[in-house]
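One structure below.
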Amino acid sequence: MNISPFQYGKIVTGQSFVNRKREKELLIHHFQSGQNTILISPRRWGKTSLVRESARLTENKNIKFVFIDLFSIRDEQEFLTIYAREVMKAAMSKREEILKDAREWFKQLLPVMSFGIDPLSEISIKFNWEEAQKHRSEIINLPEIIAKKRGLQIVICLDEFQNISRFQDNLSIEKELRACWQHHQNASYCLFGSKRHMMFELFNQSERPFYRFGDMILLEKIETSEWIPFISESFKNSGKAISLELSEIMANQMRNHPYYIQMFCDYVWSLTEKSSSNETLIRALEDMIDHSSFLFQEDIESLSATQLNMLKAISAGETQLTSKAVMDRFKLGTPRNVLKNKEILRSKDIIDTQGNQLSFLDPLFELWLKKLLKI
Ligand SMILES: Nc1ncnc2c1ncn2[C@@H]1O[C@H](COP(=O)(O)OP(=O)(O)OP(=O)(O)O)[C@@H](O)[C@H]1O
Ligand SMILES: [Mg+2]
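Under my numbering, the sequence shown has 222 at position 110, and the numbering climbs by one with no breaks.
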C-alpha cells in the first residue's frame with residue numbers, strides 16, 4: 113500500500129520541506145557567523161521545521177546545535193537543568209571525558225551526573241538548587257566555555273521562547289541570560305516562538321532585557337507558486353495524479369497556510385484512487401471541517417457575543433468595522449467595543465491585522481464558521 117507523502121503536525125525536513133530558500137540562507141548565514149536570531153510567526157507556519165532544516169544543512173564537525181523546547185518547561189530550575197544537560201550532550205564524546213571535563217567547566221558548582229547503561233543513552237544531571245541559583249551564570253555560560261575548550265561553535269535553539277516570561281521572577285532570569293549571552297563569541301542563540309504579542313513584548317520593549325537581542329525575522333507563509341509543483345509532484349511520485357489547477361485551488365483555499373495545505377493534501381490524496389477531481393476536493397474539505405468541528409465549537413464558546421459578531425463581520429468581508437452601518441448590521445456594540453474586541457481577538461491569535469486588513473489566522477476555522485453561519 114502506498115503511504116501518503118503529506119505530513120502535518122510533525123517537523124518536516126528534506127524532501128517534505130517546501131522552499132523557504134531565502135529564510136534558510138539567512139538562518140544558515142546567521143548560524144555560521146554566530147549572529148543571534150529571533151524568529152516569530154503564528155502557530156504552524158513552519159518555524160520549528162525551518163530551524164531544524166537550516167540546522168541540518170549547517171551542522172558539521174565544527175558547528176553543533178542544541179534544541180530545547182520551552183513549551184512544557186515550567187520554571188527556571190527545570191530550564192537551567194535541561195539547558196546544562198543538552199549543552200553537555202551536544203559536546204558529548206566519551207563519558208569518561210565528560211566526567212573529567214565537567215570538573216573544568218564548573219568552578220563553583222558540583223553537579224551530580226549519571227549515565228544510562230547504554231553509552232549513547234541520556235545523561236542525567238542534578239544541581240543543588242540553592243547553590244545553582246547563586247552561581248547560575250556558571251550554567252548559563254556553559255555553551256561558551258565548552259565551545260571555546262573544544263574549538264567549536266555551538267548554536268542554541270530555544271523553541272517557544274516566550275514561555276520564559278511565564279517563569280516566576282522572570283525579569284531576573286531574563287536579565288542574567290542576556291547579560292551572559294551577549295558576551296558569548298563561540299555560542300549563539302536562535303530564539304523562536306509563536307505567541308506573537310509575548311514575543312514582541314520580550315524583544316521590542318526597550319525596558320526588557322532582551323530588547324533588540326538579535327536579527328528579528330517575521331516568518332511569512334509559503335507562496336502558492338511553491339506549493340503547486342510540490343503538491344502535483346508529490347502526487348505523481350506516489351502513483352497518483354492531480355492537475356496544476358487543482359493544486360493551486362488547494363493552496364488558495366487554505367490561504368497558503370503550510371499545516372493546513374499539507375492536511376488538505378493528505379485528505380485529498382487518501383480519497384483519490386488514480387486522479388483527483390474537483391469533487392474529491394469538495395469531499396475532502398467537508399471531512400476536514402467535520403473532523404475539526406468539536407475543536408472549533410470549543411473555541412467559540414470562550415468568546416463573547418460581540419466578539420463572535422465581529423468574526424461574522426470579518427468573514428463576510430467587512431473591513432470598516434467602526435462604520436455605523438457595519439456596527440448596526442452585525443451588532444458590534446460601540447466603537448470602543450470594536451477596538452477592544454479587535455485587540456482581544458488578535459491577542460488570542462484568532463485574527464491577524466495588517467493595516468486595515470483583517471483576516472482569520474486559521475483558514476479552516478473561517479470555513480467552518482462560514483458554513484455554520486451560512487455566509
Ligand atoms: N517548509 C515547509 N514545507 C512543507 N510543509 C511545511 C513547511 N513548514 C511547515 N510545514 C507544515 O506545517 C506543519 C507545522 O510545521 P512546524 O511544526 O514546523 O510549525 P511551527 O511554526 O513550529 O508550529 P507550532 O507553532 O505549532 O510549533 C508541518 O507539520 C508541515 O505540515
Ligand atoms: Mg514549533
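Note that CB positions come from ideal geometry on N, CA and C, so glycine has one too. Remember, predicted model here, so these are calculated numbers, not experimental data.
Does ligand 2 have even one heavy atom less than 8 Å from the beta-carbon of residue i?
i    : result
T336 : no
E272 : yes
S306 : yes
Residue i by DSSP, collapsed to three states: which one?
i    : result
G445 : coil
I194 : helix
Q495 : Residue 495 lies beyond the residue range present for the chain, which begins at 113 and ends at 487; the question has no answer from this structure.
S404 : helix
I285 : helix
T149 : strand
N172 : strand
V124 : coil
S427 : helix
I185 : coil
L301 : A quick correction: the sequence has Tyr, not Leu, at residue 301. Note: Y301 maps to strand in three-state DSSP.
Q419 : helix
S382 : helix
M225 : strand
V267 : strand
Ligand 1 and residue i: does any heavy atom of the ligand fall closer than 8 Å to the residue's C-beta?
i    : result
T160 : yes
R156 : yes
Y371 : yes
K122 : yes
S184 : no
V199 : no
E165 : yes
N131 : yes
Compute the distance between the beta-carbons of residue i and residue j, then report whether it is under 9 Å.
i    : j    : result
S300 : I266 : yes
L481 : S435 : no
L457 : L485 : no
D271 : F177 : no
L139 : S161 : no
P117 : S350 : yes
W157 : E332 : yes
Q297 : E250 : no
I512 : T446 : Nothing can be reported for residue 512: it is not among the residues displayed for the chain, which extend from 113 to 487.
E360 : T336 : yes
inquiry  = Could you tell me which whole alpha helix (DSSP H) segments of length 4 or greater appear in the region 335-364?
reply    = 336-349
request  = Report the residue ranges of all beta strand (DSSP E) runs contained in full by the region 234-258; include only those spanning at least 3 residues, in chain order.
outcome  = Complete beta strand (DSSP E) runs here, min 3: 235-238.
task = Please specify which runs of the beta strand (DSSP E), each continuous and at least 3 residues long, are wholly inside the region 437-486, giving them in chain order.
result = 463-466 and 469-472
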